[in-house]
Amino acid sequence: MNEEKLFKYISFLKAEFARHSYDEYIDEDEINQLNIEIRRFKKYVIDSTIISDAFKQEIYKVDFNLEETRHNRSKPSIFFWLFGGDYGKRYAEQENRKNRFQKLSNDLENLEFRLKAM
94 MNEEKLFKYI SFLKAEFARH SYDEYIDEDE INQLNIEIRR FKKYVIDSTI
144 ISDAFKQEIY KVDFNLEETR HNRSKPSIFF WLFGGDYGKR YAEQENRKNR
194 FQKLSNDLEN LEFRLKAM
């Protein structure tokens with residue numbers, strides 16, 4: 094993987110995370126597909142001999158964990174405590190996923206900017 098392909102892959106991942114973060118519903122299939130793309134991206138970076146070690150170190154700093162819980166999540170309102178149940182749990186899970194995907198999109202945009210500045 095050369096640097097041009099690296100930037101294209103980062104742009105692709107950034108766009109995918111941004112697109113999914115604006116969906117109404119993020120299902121397990123979408124998460125699995127993105128996990129596959131993340132693993133493929135990391136493998137390309139590790140196996141590449143053209144990419145400099147400084148670039149690799151910047152890439153390793155990005156947290157690609159899609160299963161992180163309570164990420165940038167606000168406190169539940171009293172409505173969800175009263176209404177609660179399964180709906181409240183599903184709503185909280187979707188909000189968490191949306192916030193996580195938005196953060197990853199922003200992190201990848203920052204990574205792309207940092208790598209271009211190097």
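With the working numbering applied, the sequence shown corresponds to residues 94 to 211, in that order.
Just so it is clear, CB atoms sit at the ideal spot from N, CA and C, and this is done for glycine as well.
LYS107 sits buried, since 16 or more C-beta atoms from the chains shown fall within 10 Å of its C-beta. In the three-state DSSP reduction, ASP116 falls in the coil class, being neither helix nor strand.
The Cβ atoms of LEU204 and GLU151 lie closer than 8 angstroms to each other. In the structure shown, SER141 falls within a coil segment according to DSSP collapsed to helix, strand and coil. The residue from GLU96, LYS196, ARG132 with its alpha-carbon nearest to that of SER114 is LYS196. With fewer than 16 other beta carbons inside 10 angstroms of its own, SER104 counts as exposed. Following the DSSP letters along the chain, one finds GLU151 inside the alpha helix (DSSP H) bounded by residues 146 to 153. Put simply, of LEU99, ILE144, ASP120 the residue whose alpha carbon is nearest the alpha carbon of GLN187 is ASP120. Only exposed fits ILE139, as fewer than 16 other CB atoms lie within 10 angstroms of its CB. Judged by their CB atoms, ILE144 and LEU99 are nearer to each other than the 8 angstroms cut-off.
Each residue's CA atom was taken as its position, placing ALA185 and GLN126 some 22 angstroms apart.
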